[in-house]
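The next block holds one structure in the form of structure tokens; read it before the comments.
Numbering (my numbering), first residue to last: 15 to 225.
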């Protein structure tokens, strides 16, 4: 038995833990990040944007702070819902501004035609048509704008990709199963290393006892 046997055993135990951390740590981090990203992407593909946003924040907070309680999760859900309402209002504002911008562009074109052709009668006729178009755009926005935007959001969750999304979800489950088996294999390796170290130590101790 070497004079520094105990020191060698201690170092072997330390190396066992280092090996386990070195092998499993980065792989586990990669698998977790990939799984989290896939979960978000599947929700987005299903048109569940708000849930995807909530999930992304929860995942980030749990990486930084650890598990969240129900109150914290509810706070995140309320925050995302508030942001969604603000985004909806911003979109409504943009749609209204687009109506004015388009009408101003049409008027600019009519003025350019007036200066190019000198056709005052044509300009007046075009202007009347532009005014009618502008009023109809505003009327549609006022009456149907919110409903049309809600329909656009609903369509994102109901597309011809539903079958493909379901197939993708099953494939993702299969990939996670393969990843789990790989992780399990690595655990068997580190466990075997620990067992071998213990067996060597036990054999040497029994030999010394017999001597």
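Backbone N, C-alpha and C define an ideal beta-carbon position, used for all residues, glycine too.
Sub-8 Å separation of residue i and residue j beta-carbons
i           : j           : result
residue 50  : residue 73  : yes
residue 71  : residue 90  : yes
residue 100 : residue 152 : no
residue 64  : residue 98  : yes
residue 134 : residue 128 : yes
residue 67  : residue 94  : yes
Range of the contiguous alpha helix (DSSP H) that encloses residue i
i          : result
residue 92 : 84–131
residue 60 : Here residue 60 belongs to no alpha helix (DSSP H), and DSSP marks it neither H nor E.
Cβ-based neighbour list, residue i, same chain, cut-off 8 Å, excluding 5 preceding and 5 following
i           : result
residue 147 : 117, 120
residue 124 : 137, 140, 141, 144
residue 109 : 155, 159, 163
residue 126 : none
residue 106 : 159, 160, 163
residue 79  : none
residue 102 : 163
residue 75  : 82, 86, 90
Cutoff 7 Å; reference residue i; Cβ partners in own chain excluding five residues on either side
i           : result
residue 69  : 53, 54, 57
residue 161 : none
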